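Numbering of the sequence shown is given in the working numbering, commencing with residue 4 and proceeding in unit increments.
C-beta: ideal position from N, C-alpha, C; glycine also.
This structure is a prediction, so every number in the text was calculated from the model and none was measured.
One structure is given below, encoded as structure tokens.
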Amino acid sequence: MSRILLVEDDVALRTSVRQILERSGHEVRVAADGSAGVRELQSGTFELVLLDIGLPFVDGWRILETLEGKRLPSVIVISARGEERDKVRALDMGADDYLAKPFGADELLARIRVVLRRAQPAPGPSRIVRSGGVTIDLAGQSVVRDGAEVKLSPTEYGLLSALAQHAGQVMDHRTLLRTVWGPTYGDERNYLRTFIQRLRSKLENDPRNPDLIVTVGARGYRFGPPATTDQAT
Ligand code: CA
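Below is the structure:
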């Protein structure tokens with residue numbers, strides 16, 4: 004069970020999504036416009052925000068801006084617009100996923116499960132991965148760069164952790180998308196590009212010339228220098 008904030012001005016959709024979420028055991032707060040959404044975010048803590056973009060008073064883009072830089076709840080943007088550039092913009096602004104209306108209950112719940120699972124610590128024994136000045140504690144879910152803690156959103160962390168668990172090996176695009184975003188993903192290279200860029204801007208000394216998260220041709224990405232077995236390829 005998670006605390007979820009639903010920001011949606013369409014009363015029918017708000018009611019039905021609320022019912023879907025409550026039936027699956029979540030605790031739900033609703034906001035019918037953007038200003039109410041901002042107030043809820045300031046006064047409560049949520050694991051997840053379901054955020055409509057077209058809202059009265061304060062639109063969803065503005066709400067995403069106010070979240071930037073904070074310890075974030077996960078955010079799934081729900082929007083009727085469904086255009087590719089809106090999707091990219093939402094991810095660029097820190098959303099974890101994007102769901103175009105109309106969507107079914109099963110699809111909504113599946114997306115929520117994946118996003119919430121991403122925010123959970125990796126099971127298993129503690130494991131520390133280091134490269135350059137960056138230290139990742141996979142069990143404690145913390146990232147330190149040159150002695151200072153780096154704040155990452157759950158999705159940023161999920162992607163970094165997937166790469167770091169295979170340090171020195173190339174992870175192909177499809178495997179990364181399935182690991183981080185879930186089994187229905189595989190072709191959304193723009194998700195990867197956006198999140199890799201954000202990780203680089205937070206972790207690399209020279210984000211345009213990365214040596215921590217390396218692009219490996221058209222195949223995928225690799226964390227750190229190649230492992231010896233990988234060098235021949
Ligand atoms: Ca709306």
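Identity of the residue in the options nearest residue i by Cα
| i | options | result |
| --- | --- | --- |
| Val52 | Gly220, Val41 and Asp13 | Val41 |
| Ile139 | Ile115, Leu166 and Val117 | Leu166 |
| Gly37 | Thr69, Leu16 and Gln22 | Thr69 |
| Gly135 | Gly107, Phe49 and Val217 | Val217 |
| Pro228 | Gly47, Val173 and Ile79 | Val173 |
| Glu11 | Arg21, Asp149 and Met4 | Arg21 |
| Asp190 | Gly223, Arg177 and Arg201 | Arg177 |
| Ile199 | Val219, Ala230, Arg120 and Leu54 | Val219 |
| Ile23 | Thr48, Leu112, Tyr188 and Gly97 | Leu112 |
| Asp95 | Arg130, Val118 and Ser156 | Ser156 |
| Asp13 | Glu87, Arg222, Glu152 and Lys104 | Lys104 |
| Thr48 | Ser5, Ala39 and Trp64 | Ser5 |
| Tyr272 | Ala108, Gln168 and Phe60 | It is not possible to answer for residue 272, since the shown part of the chain is limited to 4 through 236. |
| Ala108 | Arg26, Glu87 and Phe60 | Arg26 |
| Asp175 | Ser145, Ala221 and Arg116 | Ala221 |
| Arg65 | Glu86, Ala93, Glu87 and Ser46 | Ala93 |
| Val61 | Ala35, Glu110 and Gly150 | Ala35 |
| Glu110 | Pro213, Ser46, Thr187 and Gly143 | Thr187 |
| Gly63 | Lys154, Ser82 and Glu152 | Ser82 |
| Thr197 | Ser46, Gln45 and Gly97 | Gly97 |
Residue i - partner residues in DSSP beta bridges
| i | result |
| --- | --- |
| Asp100 | Ile79 |
| Phe198 | Beta-bridge pairing links Phe198 to no other residue. |
| Asp55 | Ile81 |
| Ala34 | Val10 |
| Asp140 | Ile131 and Ser145 |
| Gly223 | Asp175 and Val219 |
| Ala165 | The partner list for Ala165 (beta bridge, DSSP) is empty, contrary to what the question assumes. |
| Ala151 | Arg148 |
C-beta atoms of residue i and residue j nearer than 7 Å
| i | j | result |
| --- | --- | --- |
| Leu206 | Leu215 | yes |
| Thr158 | Asp89 | no |
| Val132 | Gly161 | no |
| Ala170 | Phe106 | no |
| Leu180 | Ser164 | no |
| Arg203 | Pro210 | yes |
| Val80 | Leu54 | yes |
| Val137 | Arg148 | yes |
| Asn245 | Val91 | This structure gives no information on residue 245, because the portion of the chain shown stretches from 4 to 236. |
| Val33 | Leu67 | no |
| Val117 | Gly185 | yes |
8 Å contact criterion, which residue i and residue j should meet: CB distance rounded
| i | j | result |
| --- | --- | --- |
| Glu43 | Ile7 | Their Cβ separation, rounded to whole angstroms, is 11 Å, which puts Glu43 and Ile7 out of contact at 8 Å. |
| Arg84 | Ile56 | 7 Å |
| Ser77 | Glu50 | 7 Å |
| Arg114 | Leu102 | 6 Å |
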